[in-house]
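Undergrad: Everything in the sequence shown is counted per this note's numbering, starting at 66 for the first residue and increasing by one.
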Amino acid sequence: MRVLAFGLGMVAFAGGTAGANELGLRGPALPANADEAMLDDGAAKTRLEIFERMTDFQEYVQGKPLELLRARQAGALPNVGIKFGAGFTGTVVYERTNTDGKFPILSRLPGQHTGSSDTQWIVNDAAWGAAVSAGDWLTGYAQLEYIDTRYPGEEDIQLRKAFGVVGNLDRFPLYAYFGRNTIDFGDMSTYNPFTHNMNTHFFWALSKDPVLGVGAVYDGWHVVGTIIPEGRHQRTADTEGSDFFGNYALNATKAVDLGNGVRLKGGLGYLHRTIYNTVIPHHTSAMAAGQTRSDNAAVDANLTLGWGPFDVMAEYTTTLEDWPATGEKVEALTVQGRYKDSILSYPTEYSAVYSRGDFGPNGSEFEFMEQMALGLETHIDENFSIGLEYVRNHGFAPLVNIQVTSDQSVKTDTFIAGIHVYF
66 MRVLAFGLGM
76 VAFAGGTAGA
86 NELGLRGPAL
96 PANADEAMLD
106 DGAAKTRLEI
116 FERMTDFQEY
126 VQGKPLELLR
136 ARQAGALPNV
146 GIKFGAGFTG
156 TVVYERTNTD
166 GKFPILSRLP
176 GQHTGSSDTQ
186 WIVNDAAWGA
196 AVSAGDWLTG
206 YAQLEYIDTR
216 YPGEEDIQLR
226 KAFGVVGNLD
236 RFPLYAYFGR
246 NTIDFGDMST
256 YNPFTHNMNT
266 HFFWALSKDP
276 VLGVGAVYDG
286 WHVVGTIIPE
296 GRHQRTADTE
306 GSDFFGNYAL
316 NATKAVDLGN
326 GVRLKGGLGY
336 LHRTIYNTVI
346 PHHTSAMAAG
356 QTRSDNAAVD
366 ANLTLGWGPF
376 DVMAEYTTTL
386 EDWPATGEKV
396 EALTVQGRYK
406 DSILSYPTEY
416 SAVYSRGDFG
426 PNGSEFEFME
436 QMALGLETHI
446 DENFSIGLEY
456 VRNHGFAPLV
466 NIQVTSDQSV
476 KTDTFIAGIH
486 VYF
């Protein structure tokens, strides 16, 4: 392992409850003075809580079908009916670079910006969702999302999630879902208010075609197996061909309450075939056409520890084979933490996140990218929060033309202010 890192940090969220499998280690969790008696089932109990989790892209990255089933257990969804909701994240971003035109945060594509600094107003996320329940065992979800970076032929509003779930956790610990969804692989949570970490950047798996998932929930365990059709998906998963059974993922987490306010959660994940399989990096199946694609699986290990108002978390993800485009494995490590407090009685999160991605030979211009972020987010109301973030980046290595456009000497300072709103 070529990734070496150290991180220490703090983030907070007051109010809400802890999840049965997370014990307050995920998402809107516990108040700073929480004790073991406050660790209840953690399901979303209101319509706002449901859509805060379903439209979240920072911390509730995985486990969307399970969130719906827990919400049904808590009575937040009716036995028969439909609920609507939405989430919005907007930011203003100022980035300063030591190398003209190289902006790791602002640049979606190489050459997008010029000069040594730039400011941009960004719609990070805008999503509209509908949750449908039809009897004791059937639940469905659909989500439209605004996409700011599109490929030719794509619309700016896309149906990124649409799946149906068969399950009733009050009666049976297994569930199944079918449709378009985030693929359960790793944890991929980021404590930053707005910026994703390197694990999420390189390994967040999102399906394009419908996938089939089967999950089990029991005694703090959550185990999910996913069958992924062949082809290039929205993120990370990729296989040559058109067989429905061409790719798969396995993910397992276990949460334990150790007493005295100490909670522990660990997870392991496996994704059989990834995008890191060609000599020329590609974002779409059209860009990969004609290339020889080799199987390159990825594995993930993550561990989260909570103690009173503190949470710390580490995640390591790597491919098992070298990426043909760079001649090295793609690795990512994140170490992050948070502290739960308040400002003028408003629940507040203080965060520090260190992450690093390694994917090229030692001394190459695309050897690594490194990031350190400090954040603060204050929740003004149950559906509205404001946040500030400082991000220090080292290295510029965009996936597009990584061998040509990368520059290891790039260092940038980024300042971000933004809001999260849920309806």
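Glycine included, each C-beta is placed from N, C-alpha and C at the ideal position.
Grab me the residues of P294's own chain with a C-beta within less than 6 Å of its C-beta, minus the 5 sequence neighbours each way, in chain order.
TA: Contacts found: D274 and F309.
Undergrad: Less than 8 Å between the beta carbons of L209 and G229, yes or no?
TA: For L209 and G229, no; Cβs fall outside 8 Å.
Undergrad: In its own chain, which residues sit with a C-beta less than 6 Å from the C-beta of A366, not counting the 5 before and 5 after it?
TA: Closer than 6 Å at the Cβ level, and outside the excluded window around A366, lie L333 and Y381.
Undergrad: Roughly how many angstroms lie between the CA atoms of T162 and M437, to the nearest whole one?
TA: When rounded, the distance between both Cα atoms is 15 Å.
Undergrad: Of the choices Q138, Q127 and E124, whose alpha-carbon is the least far from that of T111?
TA: It is Q138.
Undergrad: Buried or exposed: which applies to L131, given that a residue is buried once 16 or more other Cβ atoms fall within 10 Å of its Cβ?
TA: The residue in question, L131, is buried, as its Cβ has 16 or more Cβ neighbours within 10 Å.
Undergrad: DSSP beta-bridge partners for K330?
TA: According to DSSP, K330 bridges with A320 and T369.
Undergrad: Relative to the alpha-carbon of T120, which residue among Y415, S198, Y313 and T247 has its alpha-carbon at the smallest distance?
TA: Comparing Cα positions, the closest option is T247.
Undergrad: Am I right that Y125 and R118 are in contact with their C-beta atoms under 8 Å? What's the rounded C-beta distance?
TA: Contact flag correct, Cβ pair sits at about 4 Å.
Undergrad: Answer yes or no: do A390 and T357 have a C-beta to C-beta separation smaller than 8 Å?
TA: Cβ atoms of A390 and T357: not closer than 8 Å.
Undergrad: Below 8 Å CB to CB, which residues in the same chain sit around I115 once its five sequence neighbours on both sides are set aside?
TA: If we look at I115 and ignore the five residues flanking it on each side, its Cβ neighbours are A109, E132, L133, A136, A141, L142, K148, G150 and A196.
Undergrad: Is P374 closer than 8 Å to K405 when the C-beta atoms are compared?
TA: Yes, the Cβ-Cβ distance between K405 and P374 is below 8 Å.
Undergrad: Run through the DSSP bridge pairs and tell me what A462 is partnered with.
TA: For A462, which the question treats as bridged, DSSP gives no partner whatsoever.
Undergrad: Per DSSP, what kind of secondary structure is V231 in: helix, strand or coil?
TA: Of the three classes helix, strand and coil, the one that applies to V231 here is strand, per DSSP.
Undergrad: Around the Cβ of A199, are there at least 16 other Cβ atoms within 10 angstroms (buried) or fewer (exposed)?
TA: Looking at its Cβ environment, which holds fewer than 16 other Cβ atoms inside 10 Å, A199 is exposed.
Undergrad: Is M253 helix, strand or coil by DSSP?
TA: In this structure, M253 counts as coil in the three-state DSSP scheme.
Undergrad: Can you tell me whether DSSP reads Q127 as helix, strand or coil?
TA: Q127 falls in the coil class under three-state DSSP.
Undergrad: Should G72 be labelled buried (16 or more other beta-carbon atoms within 10 Å of its own) or exposed?
TA: With a pLDDT of only 33 at G72, under the threshold of 50, the placement of this residue in the model should not be trusted; the figure read from the coordinates follows. It counts as buried.
Undergrad: Among residues of its own chain, excluding the 5 on either side of A397, which ones have a beta-carbon nearer than 6 Å to its beta-carbon?
TA: Correct list, in chain order: M263, N264, F267, T382 and G422.
Undergrad: By alpha-carbon positions, which one of E220, K319 and E447 ends up nearest to T413?
TA: Closest option to T413, Cα to Cα, is E447.
Undergrad: Which residue from I340, Y419 and D360 puts its Cα closest to that of A379?
TA: Cα-wise, what sits closest to A379 is Y419.
Undergrad: With a 10 Å radius around its C-beta and 16 neighbouring C-beta atoms as the bar for buried, classify T384 as buried or exposed.
TA: With 16 or more other Cβ atoms within 10 Å, it is buried.
Undergrad: Have a look at T339, N257, I212 and Y206 and flag the residue whose alpha-carbon is nearest the alpha-carbon of I481.
TA: Comparing Cα-Cα distances from I481 to each of T339, N257, I212 and Y206, the minimum goes to N257.
Undergrad: Classify I467 as helix, strand or coil using the three-state DSSP reduction.
TA: Helix.
Undergrad: Taking the alpha carbon of F122 as the point to measure from, which residue in D303, V188 and S172 has its own alpha carbon closest?
TA: The residue with the shortest Cα to Cα distance from F122 is V188.
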